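Participant:
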Amino acid sequence: MIRIIKKKVEVSALGQHICMSAHKARRVIDQIRGRSYEETLMILELMPYRACYPILKLVYSAAANGIHNLGFNEGSLFIINYINIY
């Protein structure tokens, strides 16, 4: 009997020195939490907020980390709720 166990692997990216209030960034992050990678990119490109560009760069960076380091494809990536604003 072969048992296939799927592990939940998380990829992260850290954005530092972003001059923005947590409230403004959280307003954008709440819209993308739980969505797929492609859907997140579409949402961030169309939203009119200033916080979208740094968050878009972070999403690109996290996706690049997952693709390069762990061999994921873009269709299998999702945004989970571990986006923290300090």
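Using the working numbering, the letters of the sequence shown correspond one by one to residues 3 to 88. All C-beta atoms in this analysis are idealised placements derived from N, C-alpha and C, irrespective of residue type, glycine included. All values derive from a computational prediction rather than experimental measurement.
Applying the 10 Å Cβ sphere with the 16-neighbour rule, what's the burial state of Val11?
Facilitator: Within the sequence shown, the letter at position 9 stands for residue 11. Exposed, by the Cβ-count rule.
Participant: So is Leu46 buried or exposed if we call it buried at 16+ other beta carbons inside 10 Å?
Facilitator: Here residue 46 is taken as the residue at index 44 of the sequence shown, counted from 1. Under this definition Leu46 is a buried residue.
Participant: Give the C-beta separation of Lys26 and Ala53 to the nearest angstrom, bearing in mind that I take them to be a contact with Cβ-Cβ under 8 Å.
Facilitator: If you number the sequence shown from 1, residue 26 lands on position 24. If you number the sequence shown from 1, residue 53 lands on position 51. That pair is a contact at about 5 Å.
Participant: In terms of DSSP beta bridges, what is Phe80 paired with?
Facilitator: For this step, residue 80 is matched to residue 78 along the sequence shown. Answer is Ser38.
Participant: Since I believe Phe80 is in contact with Ser38 (beta carbons under 8 Å), could you give me their beta-carbon distance rounded to a whole number of angstroms?
Facilitator: Numbered from its first residue, the sequence shown carries residue 38 at position 36. Numbered from its first residue, the sequence shown carries residue 80 at position 78. Contact flag correct, Cβ pair sits at about 6 Å.
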